[in-house]
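Undergrad:
Numbering (our numbering), first residue to last: 1 to 99.
#1: If I follow the unbroken alpha helix (DSSP H) through residue 76, where does it start and stop?
#2: Got a sec, what are the start and stop residues for the beta strand (DSSP E) residue 32 sits in?
#3: So what does residue 84 bridge to, in DSSP terms?
#4: Could you compute how far the alpha carbon of residue 91 sits from the alpha carbon of residue 51?
#5: Of the choices 12, 20 and 72, whose alpha-carbon is the least far from that of residue 94?
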C-alpha cells in the first residue's frame, strides 16, 4: 500500500477517468484503499466548489428630510438659489428662463 502523501491524488483521479473498470478494481490495481480514494476525491471536489460569501452592502439613508421652510432650493453647479414657494410669478419666470 502506498503512503498517503506520496500519491498525487489529482492525477490519480484523472487517471480513473480513462480507466474502463470499476473504482474498486482501480483501487486494487493501484494499491489504494478504496475509502482513501473516495476521501481524496471528495476533498478535491470540495476544493473546486464555488463558495458564496455574503457581503454587507452599505445601506442608503432613505429617511425623508422634511423641510418646514416654504422655500424652493435650486442647485446648479456651485450656485444655490432659494425661492419663496408662495411666489408663483417668480417661480414661473425662473422656470421659463431655465427651459
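Note that beta-carbon positions come from the ideal geometry of N, C-alpha and C, so glycine has one too.
TA: So, to answer that:
#1: Here residue 76 corresponds to residue number 76 of the chain shown, with the count starting at 1. Note, residue 76: premise wrong, no alpha helix (DSSP H); beta strand (DSSP E) at 71–76.
#2: Position 32 of the chain shown, counted from the start, is the residue given in the question as residue 32. Per DSSP, residue 32 belongs to no beta strand (DSSP E) and is neither H nor E.
#3: Position 84 of the chain shown, counting from 1, holds the residue named residue 84. According to DSSP, which records beta bridges pairwise, residue 84 is partnered with 71.
#4: Sequence index remark: in the chain shown, residue 91 carries index 91 (1-based). Sequence index remark: in the chain shown, residue 51 carries index 51 (1-based). For residue 91 and residue 51, the distance between alpha carbons rounds to 57 angstroms.
#5: For the purposes of this step, residue 94 is taken as the residue at position 94 of the chain shown. Out of 12, 20 and 72, 72 has the C-alpha closest to the C-alpha of residue 94.
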